[in-house]
Every structure is written in C-alpha cells, then in structure tokens.
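Colleague: Final position of the sequence shown in the numbering used here is 115; the numbers increase by one with none missing. Please find one structure pasted underneath; my questions will follow.
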Amino acid sequence: MSDPSRTYDILMETLDDIGERTDTSLRCIEHEPEVWENRMQATCEALSKNGALDNLERRRLEDRMGESLYVRFPVQTRSALTVAHTLMDREVFTEEELRAKMKGVRAKLEEV
C-alpha cells in the first residue's frame, strides 16, 4: 500500500508549474477533459488490467491523498500525482529517474 503521508520533492515541485487549486467547488471537475487527462485515464486502466495498480485502490489513495497531501493541487492532476507517488513507493522508479524524465520532456517541449 502506498504511504499517503510520505512526500516526494519532485511531485511537490510541480505545484509551481501547475499552480494552486483555486476552485473549491465541484464545478472544477465538470469540464471537457484535456488530452493528457484522457491519456492518464488510459494509463491507469492499463496499470489496473496488468495488476500493477488496481483502479479501486488508486481511487481510494487519490481520495485520501487529495484531501491531505495534494489538497493544494487542481483536482485533475491528482490521478497523475497519486500514480507517480504509488509507483515510487513500490520502487518501480525512483524520484531521480522521474526528475530526469521530466527534464527531458520539458526540453522537448521547449524545442517546439
């Protein structure tokens, strides 16, 4: 089980990029999903199907972490944060590996 009290600097640092949650009503989840949100959902489905991270377990973790650790983050980002958090807890990849991957993605986006 993932530790909802443990923090990872790499995940907390993304708040500077995305910005703090400003809408506290449920309307913030009533929107047309962005492309990355659809892809994230597909990734979660694949992780669940392959037994790496059960959808129900992820949703429970997302609820717990979203109400505590990730409360300042926009609702739409919490799935990504929860999945990354859980996979690092399970030692699928390290915080340093995620940091390096994110750096590479940012570099590619700057080229465009």
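Ideal placement from N, C-alpha and C gives every residue a C-beta, glycine not left out. It should be emphasised that the depicted structure is a prediction, and the values quoted were computed from it without experimental measurement.
How far does the alpha helix (DSSP H) with aspartate 19 in it reach, from first residue to last?
Modeller: Working through the sequence shown from its first residue, we reach residue 19 at position 16. First-last of the alpha helix (DSSP H) with aspartate 19: 12-21.
Colleague: Looking only at its chain, what residues have a beta carbon closer than 8 Å to the beta carbon of glutamate 120, apart from the 5 residues adjacent to it on each side?
Modeller: Nothing about residue 120 can be reported from this structure: the residues present for the chain run from 4 to 115 only.
Colleague: Let me know the secondary structure DSSP gives alanine 55 once reduced to three states.
Modeller: Position 52 of the sequence shown, counting from 1, holds the residue named residue 55. Here alanine 55 sits in coil by DSSP.
Colleague: Which one of Asp92, Ala55, Thr17 has the shortest CA to CA distance from arginine 102?
Modeller: For the purposes of this step, residue 102 is identified with residue 99 of the sequence shown, where counting begins at 1. That would be Thr17, whose Cα lies nearest to the Cα of arginine 102.
Colleague: Rounded to the nearest angstrom, what separates arginine 9 and lysine 104 at their Cα positions?
Modeller: Taking the first residue of the sequence shown as position 1, residue 9 is located at position 6. Taking the first residue of the sequence shown as position 1, residue 104 is located at position 101. Approximately 21 Å, taken between the alpha carbons.
Colleague: Using only alpha-carbon positions, find the residue among Glu98, Leu84, Thr97 that is nearest to arginine 67.
Modeller: As a working note, residue 67 is residue 64 in the sequence shown. Of the listed residues, the one whose Cα sits closest to arginine 67 is Leu84.
Colleague: Just the Cα atoms here: how many angstroms apart are serine 51 and arginine 42?
Modeller: To locate residue 51, count along the sequence shown from 1; it is residue 48. To locate residue 42, count along the sequence shown from 1; it is residue 39. Cα to Cα, the separation comes out at about 14 Å.
Colleague: Which residue wins for smallest C-alpha separation from glutamate 100, given the options Leu56, Leu14, Val74?
Modeller: Numbered from its first residue, the sequence shown carries residue 100 at position 97. Here the closest residue by C-alpha is Leu14.
Colleague: Tell me which residue opens and which closes the alpha helix (DSSP H) that histidine 88 is part of.
Modeller: Within the sequence shown, numbered from 1, the residue matching residue 88 stands at position 85. Counting along the chain, the alpha helix (DSSP H) containing histidine 88 begins and ends at 81-92.
Colleague: Please report the distance separating the alpha-carbon of tyrosine 73 from that of aspartate 12.
Modeller: Stepping through the sequence shown from its first residue, residue 73 is reached at position 70. Stepping through the sequence shown from its first residue, residue 12 is reached at position 9. Rounded to whole angstroms, tyrosine 73 to aspartate 12 spans 12 Å at the Cα level.
Colleague: In whole angstroms, what is the alpha-carbon distance linking glutamate 94 and glycine 54?
Modeller: One-based indexing of the sequence shown puts residue 94 at position 91. One-based indexing of the sequence shown puts residue 54 at position 51. Using only the alpha carbons, I get a separation of about 15 Å.
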